[in-house]
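Our numbering applies: residue 2 is where the sequence shown begins, and numbers increase by one.
In what follows, a structure is listed as structure tokens, so that the remarks can point back to it.
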Amino acid sequence: MKGKKDNLPQPLNSFLAEFGRYRLWLELSYGSLILLSLLLICLIVGLTSGSLFYLSSTARLIYLGLCCLVVVTALSYHLAKPLFRRESREQLALRLEEAFPELEDHLIGSVELESRLTENPENYSTDLIRAIIKRAGNLVGGVDHKLAVDKRPLFRWGRVSLGLLGFWALLILLFPAGFKDSLYLFSHPLTEIERSPDFIFEVSPGDVEVLKYGPVLITAKTIGKKPEEVEIRWQNEGSETVFRETMKPEVQDLGDSSDYDFSYEFKEVRRSFSYRLEAEGEESPAYTVNVLDPPRITGLKLTFRYPRYSGIPTTVVDENDGSIVALVGTIVTIQASSNKKLEDAKLIFEKGGAHQMDLKGQRAAADIKVSREDSYHIELADGSGNVNPEPIAYRITPLQDAYPTVEITSPGANVDLNETRLLPLSLEAYDDYGFFSLQLHYFLESEGGRSPEWSLDIPVEEKGSTHLLSDYNWDLASLGMIPGDVVTYYLKVHDNDLISGPKAGRSQSFTARLPSLDEILSDLDIRREGEVLDLEEVLRQERQLQEKLREFSRELRRSLPEDWQEKKELQSAVQKQAELSQRLAEVADQMEESIRKAEENQLNTLEMLSKMMEVRQLLEEIATPELKEALRRLQEALERMRPADLRSALEKFQMNQEELLQNLERALALLKQLQVEQKLDALTQLAEKLLNEQNDINQGLESAATPEEQEQLARREGQQGDDFQTLQKQFSSFQSSCQQSGLVPQENLDQMQRKLDSGEIPENISEMQQSLQGGQMQKAGQCGGKLSESFSSLLAGFQSMQQCMSSCLSAEIMRAIKKATFDLLYLSGRQEELHDEVKERKYRDPELRPFAREQKNLESGTHKVLKDVREVSEMSLFIPFEVSKTISLAAGEMEAATKALDARNPNARVSQIGAMANLNRAADMLLRALDQIKSSGSASGASEMLQQLQGLGQRQESLNQQT
């Protein structure tokens, strides 16, 4: 207080002054921290708002004004006020009294009473006042005035200021550009700055040059807010039309990090254009796509010039396809057309290398030779150095000239040669471009030795053909083969490949063996015995089937319930009949094969072969059309199961089956008889072969000058010995057959056996063979002459046997036919007499019944004649089966007449007339058969011509299908 004397002691004044200064410092520090915090808040809010939002100049001025108002208010209240309005000593003393109760109001009392020491209108005791002052001075000496002030608000605002300062520094570090821009905005509040966009486009590729017809992908990435839709606008060069399309948004899956948000692709760019992007009022800068027109292929033509040997004409492919598929060695001319003049063109191959093309304006051409698998593309370049983009790669596929193939289709197996030594070959060959040559390679194996491999050329008529079918009759007679020799052969064909060289194809190897006569005859004997056994088995099964059908017929007469148990057995029987018919066809086929082998090896005469064929035909015709029809009706009746139809069908079938059995028995008997004749015929042919071969060997003695020729004759003579042994063996078999049949007298057989057992022929053969091996030609000639005489005698003996057999058989057959004819005519005459007596009688005439006994006698006589005719028909093919059938019909008519007469019915005469007609017809057929036997000279009935039997195989196949 100015103008007044200060009565407080110096220590007390210093204490109060120091407390006042300390308190002022704290208040100023506290205010400064508040002011700093407010400044930082204004700064952070302003800079952040400027970064995130667009602030106009007005907004910025208002914000800055509000910030200044807040700062000035805080400055006035927290800094100016403490400086200009300091606390008095009384206020300071009161604060200290509040802070330190131990002062006991002495300090405040001292401050308030010190003025009474000079002016004391109240007359307070000065001593008391001094004592209070002294007491206060003593008390403040032990007090720390700093503890009287609460410093927690100072520390709190200090932490706030420090936190705001760190946050502000962090924002500056993280977003320097944004804060820099905001600082510029708020530092120029009066400057109007354009509003920052919500997002910025990053467009790719921007300005770009592309090749014509190539694609362009426009992509956009937005920085900032992502718009929902972006539109692309473009304008072609030289056009005012603006096109708009919405860009495709890029859908990003979890973990996907695409480089763009929107895209739009121009598939084929043809013209230059400018474009920009637009979204939510924001636009990107304008960019330009400049289209360059590179050279490109507008046409492609390939000309194929194939190798001359292939025969393929020059081919032009003008389909803009450069793929090459051609035969190795083909020259291919590649011609390419471009859209502009070319500066360079070449073929680039995948496996290395390039081929320069000849240029002519907008065209390029080059020739290549197809040699290996590869691929190529055509590279074009114009005057500006632009090349055709992404050229198409074309494949080069060479076609190799395949190896030719050849196959021997006939015989196509190892075969035995026949007497002619001819081997017909059928061959089939394939090659993709034709043939050069065809050869038959072969070698001979004889007596353990092997000849060199020989070959002969087979003419190829159409060498350019890719499919060769040819037949070749190979004559092996020149090889001088004897029985047991084997020729191994195969075909080799060469193609006409002149580029890589002709390639060869080879067929499978086969053998052709010359069998011995013993092997041939043994094989035929086995076959013929098998035919007889098979036929006997079929006959046995047919009889069993007949008995079974009779049982079915008896069962049917009793009843036919719905669930007739025998139906399946009857169906099985029907099926069995079809199987037996098929078996007969197989036996007929076996006979045909036996006939073919006998004919090939010249083991039987033409007459004997004809007989064999007629027996075979008889087998094929056993299953008559009537039997087939009866079998079909029986099958249908079994399906319908109507009792009446089934009984009728079964009876009809049984009647036809009876005929089948009769024919089968006849065929079996004829076959057995024919086998005996065949054996004798084969012996005759074998004797004739021995004689002819011996005469041929004898003639060869004159020209056999070299040891090799003499050795060849010796080998042939040795084969004569083997064939003679075969003759002996076959004669023994023939004797056994004759003893059973009795067709040749035993006296003739014994005479021939003595000739064969004399030993003269084997001795002469051995002696002649040794003479030939020793070069003694004169002695060999003498032995040869003896052998010719012996073989000639054997031949005459066998021929005599044949004549004897034929004449005896003919006599027996003719006698039986004459007897049967006489009996039939006699029965016919008696039947006529009986008919005349019956026709005079009336119905129910008692005198009719006695005639039934006489009619029955005629029926019995007819059955006896039927039996005789069947027996003789088993000896000759001249007697047709219709004879037995007609006689059987006559017996049936007689049985009907007997029944009618027994019933005193004069209508029996109708059946009697039918019986007479059938008897006369049968007698007429027997007479014609007798005439044929007389004119042919062969009782067994040889066919005139083998050609009559052609087509029997086709008829048998038809029969099999129907049964």
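Think of the CB as a built atom: it goes at the ideal place given N, C-alpha and C, for glycine as much as any other residue.
Note that the structure is predicted; figures quoted are calculated from it, not measured.
Taking just the CA atoms, how far does residue j sit from residue i?
i    : j    : result
E580 : L571 : 14 Å
A853 : E860 : 10 Å
T334 : E380 : 16 Å
T489 : N474 : 16 Å
A403 : F725 : 55 Å
S737 : E420 : 28 Å
P405 : F436 : 8 Å
W455 : Q676 : 43 Å
F350 : P503 : 30 Å
E19  : L25  : 10 Å
Q832 : Q856 : 8 Å
M876 : L423 : 37 Å
S22  : L80  : Rather than Ser, the amino acid found at residue 22 in this sequence is Arg. About 14 Å.
S808 : Q721 : 32 Å
P460 : E883 : 56 Å
S874 : M806 : 17 Å
G942 : D682 : Since pLDDT at G942 reaches only 44, below the 50 mark, its modelled position is unreliable, and the value read off the structure follows with that caveat. Those two C-alpha atoms are separated by around 15 Å.
H864 : S554 : 24 Å
T49  : S30  : 28 Å
S508 : G776 : 44 Å
A821 : P851 : 28 Å
E666 : K935 : 26 Å
R277 : Q236 : 9 Å
V243 : Q363 : 36 Å
Q1   : A705 : Outside the shown range of the chain (2 to 964) lies residue 1, about which nothing can therefore be said.
K680 : D498 : 58 Å
L439 : G531 : 43 Å
If we count the other Cβ atoms within 10 Å of its Cβ and call it buried at 16 or more, is residue i buried or exposed?
i    : result
K361 : exposed
L70  : exposed
H468 : exposed
Q401 : exposed
F16  : buried
Q779 : exposed
S162 : buried
K840 : exposed
N291 : exposed
L470 : exposed
L534 : exposed
A574 : buried
Y434 : buried
T707 : exposed
P425 : exposed
Y78  : exposed
I527 : exposed
I63  : exposed
L661 : buried
Per the DSSP calculation, residue i is bridged to which residue(s)?
i    : result
K493 : Q440 and R507
W169 : Answer is none; W169 lacks a bridge partner.
T223 : F202
R245 : R234
P425 : N474
Y395 : Y377
P228 : According to DSSP, P228 bridges with nothing at all.
What alpha helix (DSSP H) runs, 4 residues minimum, are completely inside the region 821-880? 849-874
Sufficient close CB pairs (3 or more, under 8 Å) joining the region 696-714 to the region 745-753: They do not touch, by the three-pair rule.
Closer than 8 Å is the cut-off here; do at least three beta carbon pairs connect the region 226-246 with the region 293-310? no
For the structure I just gave you, are there three or more beta carbon pairs, one from the region 440-451 and one from the region 400-415, closer than 8 Å? no
Does the region 783-800 come into contact with the region 754-771, if we say contact requires no fewer than three beta-carbon pairs (one atom in each stretch) closer than 8 Å? Yes: at least three Cβ pairs fall under 8 Å.
Quick check: the region 926-935 against the region 892-903, are there 3 or more CB pairs under 8 Å? no
The region 264-274 in contact with the region 205-220 per 3-pair CB rule at 8 Å: Enough Cβ pairs lie closer than 8 Å, so yes.
Below 8 Å, can you find three or more Cβ-Cβ pairs linking the region 682-696 to the region 887-900? no
Looking at C-beta atoms only, is the number of pairs between the region 321-329 and the region 239-250 that lie closer than 8 Å three or more? no
Would you say the region 355-374 touches the region 538-546, given that touching needs at least three Cβ pairs under 8 Å? no
Between the region 379-393 and the region 310-318, are three or more C-beta pairs nearer than 8 Å? no
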